[in-house]
Amino acid sequence: MSSLNLKGLARVVVVAGLSLGLSACFRPLHGPTASGQSLQTELASIDVPEVEWPPQLANAGHYLRSELIYALNGSGSATPKRYNLRLAFTKSQTSPIVDSQYGTASSVIVGGTLTYTLTTLDGATVITQGTATSTASFDRFPQRFANIRAARDAEIRLSKDLADQVRTRLSAVLATRT
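Note that our numbering has the sequence shown beginning at 5, numbered continuously upward.
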(Lines of atoms letter the chains of each structure in order from A; the text may use other names.)
(Lines give C-alpha, C1' and ligand atoms only; values in the text may rest on other atoms or scores of the structure.)
Protein backbone atom coordinates (compact mmCIF):
# COMPACT_ATOMS: atom_id res chain seq x y z
CA MET A 5 0.00 0.00 0.00
CA SER A 6 2.78 2.44 0.88
CA SER A 7 4.62 1.59 -2.36
CA LEU A 8 1.63 2.89 -4.34
CA ASN A 9 1.73 6.15 -2.44
CA LEU A 10 5.45 6.50 -3.07
CA LYS A 11 4.95 5.92 -6.80
CA GLY A 12 2.21 8.54 -6.91
CA LEU A 13 4.36 10.97 -4.93
CA ALA A 14 7.33 10.31 -7.23
CA ARG A 15 5.17 11.09 -10.29
CA VAL A 16 4.02 14.37 -8.76
CA VAL A 17 7.60 15.34 -7.92
CA VAL A 18 8.80 14.50 -11.47
CA VAL A 19 5.97 16.50 -13.11
CA ALA A 20 6.55 19.46 -10.78
CA GLY A 21 10.30 19.36 -11.43
CA LEU A 22 9.83 19.28 -15.21
CA SER A 23 7.29 22.09 -15.18
CA LEU A 24 9.56 24.28 -13.05
CA GLY A 25 12.52 23.51 -15.29
CA LEU A 26 10.62 24.38 -18.44
CA SER A 27 8.98 27.50 -17.07
CA ALA A 28 12.13 29.54 -17.69
CA CYS A 29 12.05 28.60 -21.39
CA PHE A 30 8.89 30.54 -22.14
CA ARG A 31 8.65 34.29 -22.55
CA PRO A 32 5.25 35.94 -22.84
CA LEU A 33 4.86 37.44 -26.30
CA HIS A 34 3.11 40.60 -25.16
CA GLY A 35 5.26 41.21 -22.10
CA PRO A 36 8.28 43.51 -22.04
CA THR A 37 10.78 42.88 -24.82
CA ALA A 38 14.46 42.13 -24.32
CA SER A 39 15.18 45.85 -24.76
CA GLY A 40 12.74 46.75 -21.95
CA GLN A 41 10.21 48.48 -24.24
CA SER A 42 6.67 47.15 -24.48
CA LEU A 43 5.98 45.10 -27.57
CA GLN A 44 3.19 47.48 -28.60
CA THR A 45 5.65 50.40 -28.55
CA GLU A 46 8.13 48.41 -30.66
CA LEU A 47 5.43 47.51 -33.19
CA ALA A 48 4.13 51.09 -33.31
CA SER A 49 7.64 52.29 -34.17
CA ILE A 50 7.52 50.47 -37.53
CA ASP A 51 6.98 52.77 -40.51
CA VAL A 52 4.97 51.31 -43.39
CA PRO A 53 5.74 53.65 -46.31
CA GLU A 54 3.40 54.10 -49.24
CA VAL A 55 4.12 51.86 -52.20
CA GLU A 56 3.42 52.71 -55.82
CA TRP A 57 1.48 49.57 -56.74
CA PRO A 58 0.77 48.59 -60.35
CA PRO A 59 -2.84 49.29 -61.36
CA GLN A 60 -3.97 45.67 -60.96
CA LEU A 61 -2.70 45.65 -57.34
CA ALA A 62 -3.72 49.18 -56.36
CA ASN A 63 -6.84 48.30 -54.36
CA ALA A 64 -5.41 45.20 -52.69
CA GLY A 65 -2.15 47.04 -51.94
CA HIS A 66 -4.07 49.90 -50.36
CA TYR A 67 -6.07 47.50 -48.17
CA LEU A 68 -2.90 45.63 -47.24
CA ARG A 69 -1.00 48.76 -46.17
CA SER A 70 -4.00 50.02 -44.19
CA GLU A 71 -4.39 46.70 -42.40
CA LEU A 72 -0.67 46.59 -41.58
CA ILE A 73 -0.72 50.11 -40.15
CA TYR A 74 -3.72 49.22 -38.01
CA ALA A 75 -2.23 45.89 -36.90
CA LEU A 76 1.07 47.51 -35.90
CA ASN A 77 -0.27 50.74 -34.37
CA GLY A 78 -3.99 50.45 -33.79
CA SER A 79 -3.90 53.35 -31.34
CA GLY A 80 -3.14 55.88 -34.05
CA SER A 81 -0.71 57.67 -31.77
CA ALA A 82 2.31 59.36 -33.30
CA THR A 83 5.20 57.14 -32.21
CA PRO A 84 8.78 57.92 -33.24
CA LYS A 85 9.74 55.49 -35.99
CA ARG A 86 12.74 53.18 -35.56
CA TYR A 87 12.08 50.60 -38.26
CA ASN A 88 11.04 50.52 -41.91
CA LEU A 89 8.87 47.76 -43.41
CA ARG A 90 9.33 47.24 -47.15
CA LEU A 91 6.65 45.27 -48.98
CA ALA A 92 6.33 43.35 -52.23
CA PHE A 93 2.93 41.87 -53.05
CA THR A 94 1.60 39.53 -55.72
CA LYS A 95 -2.00 38.52 -56.21
CA SER A 96 -3.59 35.73 -58.22
CA GLN A 97 -7.12 34.66 -59.03
CA THR A 98 -8.24 31.17 -59.95
CA SER A 99 -11.68 29.88 -60.85
CA PRO A 100 -11.94 26.23 -59.85
CA ILE A 101 -15.63 25.86 -60.72
CA VAL A 102 -17.13 26.98 -64.04
CA ASP A 103 -20.86 26.96 -64.74
CA SER A 104 -21.23 24.95 -67.95
CA GLN A 105 -24.58 26.52 -68.87
CA TYR A 106 -23.31 30.11 -68.88
CA GLY A 107 -19.58 29.52 -69.27
CA THR A 108 -18.74 31.72 -66.26
CA ALA A 109 -16.93 31.01 -63.06
CA SER A 110 -19.23 30.34 -60.11
CA SER A 111 -16.50 30.83 -57.52
CA VAL A 112 -13.12 32.54 -57.40
CA ILE A 113 -10.13 32.02 -55.13
CA VAL A 114 -7.99 35.12 -54.56
CA GLY A 115 -4.45 34.30 -53.48
CA GLY A 116 -1.80 36.65 -52.21
CA THR A 117 1.89 36.46 -51.40
CA LEU A 118 3.45 39.23 -49.36
CA THR A 119 7.22 39.47 -49.08
CA TYR A 120 8.36 41.83 -46.34
CA THR A 121 11.68 43.14 -45.08
CA LEU A 122 12.05 44.90 -41.73
CA THR A 123 15.09 47.16 -41.59
CA THR A 124 16.35 49.91 -39.36
CA LEU A 125 15.04 53.32 -40.33
CA ASP A 126 18.18 54.15 -42.32
CA GLY A 127 17.97 50.78 -44.14
CA ALA A 128 21.48 49.75 -43.14
CA THR A 129 20.55 46.68 -41.08
CA VAL A 130 18.03 44.00 -42.06
CA ILE A 131 16.30 42.79 -38.92
CA THR A 132 14.06 40.16 -40.47
CA GLN A 133 12.45 39.22 -43.73
CA GLY A 134 9.91 36.67 -44.78
CA THR A 135 6.98 35.71 -46.93
CA ALA A 136 3.33 35.38 -45.93
CA THR A 137 0.75 33.68 -48.12
CA SER A 138 -3.00 33.39 -47.86
CA THR A 139 -6.15 32.85 -49.87
CA ALA A 140 -9.75 34.05 -49.75
CA SER A 141 -12.64 32.89 -51.86
CA PHE A 142 -15.95 34.31 -53.01
CA ASP A 143 -18.95 33.14 -55.01
CA ARG A 144 -19.97 34.82 -58.23
CA PHE A 145 -23.54 35.75 -59.04
CA PRO A 146 -25.39 37.04 -62.11
CA GLN A 147 -25.44 40.55 -60.62
CA ARG A 148 -22.35 42.45 -61.72
CA PHE A 149 -22.16 44.81 -58.74
CA ALA A 150 -22.56 41.92 -56.29
CA ASN A 151 -19.51 40.32 -57.91
CA ILE A 152 -17.51 43.53 -57.62
CA ARG A 153 -18.35 43.86 -53.92
CA ALA A 154 -17.65 40.17 -53.26
CA ALA A 155 -14.23 40.49 -54.94
CA ARG A 156 -13.46 43.58 -52.83
CA ASP A 157 -14.51 41.78 -49.64
CA ALA A 158 -12.23 38.86 -50.54
CA GLU A 159 -9.31 41.27 -51.07
CA ILE A 160 -10.00 42.85 -47.67
CA ARG A 161 -10.13 39.43 -45.96
CA LEU A 162 -6.91 38.46 -47.72
CA SER A 163 -5.24 41.70 -46.60
CA LYS A 164 -6.33 41.21 -42.97
CA ASP A 165 -4.97 37.68 -42.89
CA LEU A 166 -1.62 38.68 -44.42
CA ALA A 167 -1.33 41.64 -42.01
CA ASP A 168 -2.03 39.36 -39.03
CA GLN A 169 0.64 36.90 -40.18
CA VAL A 170 3.22 39.65 -40.60
CA ARG A 171 2.34 41.22 -37.22
CA THR A 172 2.75 37.88 -35.47
CA ARG A 173 6.12 37.22 -37.11
CA LEU A 174 7.39 40.74 -36.40
CA SER A 175 6.21 40.42 -32.79
CA ALA A 176 8.21 37.23 -32.35
CA VAL A 177 11.35 38.87 -33.72
CA LEU A 178 11.02 42.18 -31.87
CA ALA A 179 10.20 40.50 -28.55
CA THR A 180 13.68 38.96 -28.48
CA ARG A 181 15.61 41.87 -30.03
CA THR A 182 17.79 43.88 -27.68
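Backbone N, C-alpha and C define an ideal beta-carbon position, used for all residues, glycine too.
Check	Outcome
Under 7 angstroms between the Cβ atoms of residue 139 and residue 113?	yes
Could you give the DSSP three-state label for residue 128: helix, strand or coil?	coil
Output the distance between the C-alpha atoms of residue 171 and residue 105, rounded to the nearest integer angstrom.	44 angstroms
What three-state label does DSSP hand residue 19 in the structure shown?	helix
Tell me which same chain residues have a C-beta within less than 8 angstroms of the C-beta of residue 49, skipping the five on either side of it?	83, 84, 85, 86 and 87
Report the rounded CA-to-CA distance for residue 157 versus residue 128, giving the unit in angstroms.	37 angstroms
Is it the case that the Cβ atoms of residue 137 and residue 121 are separated by a distance below 7 angstroms?	no
Tell me the DSSP secondary structure of residue 179 in three-state form.	helix
Could you work out which residue in 51, 20, 145 and 18 is closest to residue 110 when comparing CA atoms only?	145
Would you give the residue range spanned by the alpha helix (DSSP H) that residue 63 belongs to?	62 to 76
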